[in-house]
Amino acid sequence: MLRRTFVKAVAAFGVALAGSMRGIMDTDAKPVTPTSANTHDMVITRQFDAPVERVWQAWIDAEDVKRWWGPKAFTAPVAEMDVCDGETSFVCMRSPEGQDLCNTWTYQKVVPHELLEFIQRFADEDGNAIDPVGLGLPPEIPAEVRHVVTFNELANDRTELTVTEYGYPVAWIVEVSAAGMNECLDKMESLVSGT
Numbered sequence: 000m001l002r003r004t005f006v007k008a009v010a011a012f013g014v015a016l017a018g019s020m021r022g023i024m025d026t027d028a029k030p031v032t033p034t035s036a037n038t039h040d041m042v043i044t045r046q047f048d049a050p051v052e053r054v055w056q057a058w059i060d061a062e063d064v065k066r067w068w069g070p071k072a073f074t075a076p077v078a079e080m081d082v083c084d085g086e087t088s089f090v091c092m093r094s095p096e097g098q099d100l101c102n103t104w105t106y107q108k109v110v111p112h113e114l115l116e117f118i119q120r121f122a123d124e125d126g127n128a129i130d131p132v133g134l135g136l137p138p139e140i141p142a143e144v145r146h147v148v149t150f151n152e153l154a155n156d157r158t159e160l161t162v163t164e165y166g167y168p169v170a171w172i173v174e175v176s177a178a179g180m181n182e183c184l185d186k187m188e189s190l191v192s193g194t
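Here's what the structure looks like:
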């Protein structure tokens, strides 16, 4: 049952992103950055009309995360945030069809208003790590992905945010992840700028 639910959530995620692929290059996204002969990184840089403290809060406050986590038309019914070195947050996005897709973010380094470094893993509804291959997903989808999120204070109460996801084995995964992250950041922009 869990496998079927998860696969449906991934399929719904892909369908929701299909319409957004055209808009990826309208941002400062550089979705595929080869880092070696065997891996690819995703790098997205965005500027927000909000002070760095507000953008930081959007990443650490449970109610804020619920408002931006997941692509357009998805909701985020769960965000249990424990943003400290060595701790883990648990987040779930819900597709328009009602399918949940959950992740954990285990923090390696947290520097308030400057840096979040965490490992993202697929998880079941209880927060236990799930091997994507065991769920019938393509073997190219990694079980864990290192993320680094940097916050750079700009003039006039603006913030530059860079999200880097490391070590994807094939470029198509980076493209899907970039599409989803761009939609999340669109929602975050509305949240932090009050629009």
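The opening position of the sequence shown corresponds to residue 0 in numbering that gives the first Met the number 0, with each subsequent residue numbered one higher.
Just so it is clear, CB atoms sit at the ideal spot from N, CA and C, and this is done for glycine as well.
All values reported here derive from a predicted model rather than from experimental measurement.
What first and last residue would you give for the alpha helix (DSSP H) that runs through residue i?
{"i": "E62", "result": "61 to 67"}
{"i": "S94", "result": "No alpha helix (DSSP H) holds S94; DSSP gives it neither H nor E."}
{"i": "I200", "result": "Residue 200 lies beyond the range of the chain shown here (0 to 194); nothing can be said about it."}
{"i": "C188", "result": "One detail in the question is off: residue 188 reads as Glu in this sequence, not Cys. Run containing E188: 170 to 192, per the alpha helix (DSSP H) assignment."}
Given residue i, which residues of its chain have a CB within under 6 Å of its CB, disregarding the five upstream and five downstream residues?
{"i": "L153", "result": "E159"}
{"i": "R66", "result": "L190"}
Who are the Cβ neighbours of residue i in its own chain at under 8 Å, not counting the five residues just before and after it?
{"i": "D60", "result": "M80"}
{"i": "T194", "result": "E188"}
{"i": "N37", "result": "P168"}
Return the first residue and the last residue of the beta strand (DSSP E) that residue i is part of.
{"i": "M80", "result": "Where M80 is concerned, there is no enclosing beta strand (DSSP E), given that its DSSP letter is neither H nor E."}
For residue i, collect the residues of the same chain with a Cβ closer than 7 Å to its Cβ; drop the 5 residues on either side in sequence, then sort them by chain order.
{"i": "V191", "result": "F47, A49, R53, V54, A57"}
{"i": "I140", "result": "P131, I172"}
{"i": "A122", "result": "F89, C101, N102, T103, A128, I129"}
{"i": "P138", "result": "V132"}
{"i": "H112", "result": "V51, E52, W55, F150"}
Comparing alpha-carbon positions, which option in the options lies nearest residue i?
{"i": "D185", "options": "E62, M41, W68", "result": "W68"}
{"i": "T87", "options": "N155, C101, S94, I140", "result": "C101"}
{"i": "V90", "options": "A78, E116, V175", "result": "A78"}
{"i": "M180", "options": "L136, N155, V148, D156", "result": "V148"}
{"i": "D99", "options": "P70, E182, R157", "result": "P70"}
On the premise that residue j lies in contact with residue i, defined as a C-beta separation below 8 Å, what is that separation, rounded to the nearest angstrom?
{"i": "A75", "j": "V82", "result": "At roughly 16 Å, the Cβ-Cβ gap does not stay under 8 Å, so A75 and V82 are not in contact."}
{"i": "K108", "j": "D130", "result": "Actually they are not in contact, since the Cβ atoms of K108 and D130 sit about 25 Å apart, beyond 8 Å."}
{"i": "E164", "j": "H146", "result": "5 Å"}
{"i": "R93", "j": "F73", "result": "6 Å"}
{"i": "Q119", "j": "E143", "result": "7 Å"}
{"i": "L115", "j": "Y106", "result": "7 Å"}
Name the DSSP beta bridge partners of residue i, please?
{"i": "T158", "result": "F47, E152"}
{"i": "E143", "result": "R120"}
{"i": "N102", "result": "V90, F121"}
{"i": "A128", "result": "A122"}
{"i": "V109", "result": "L115"}
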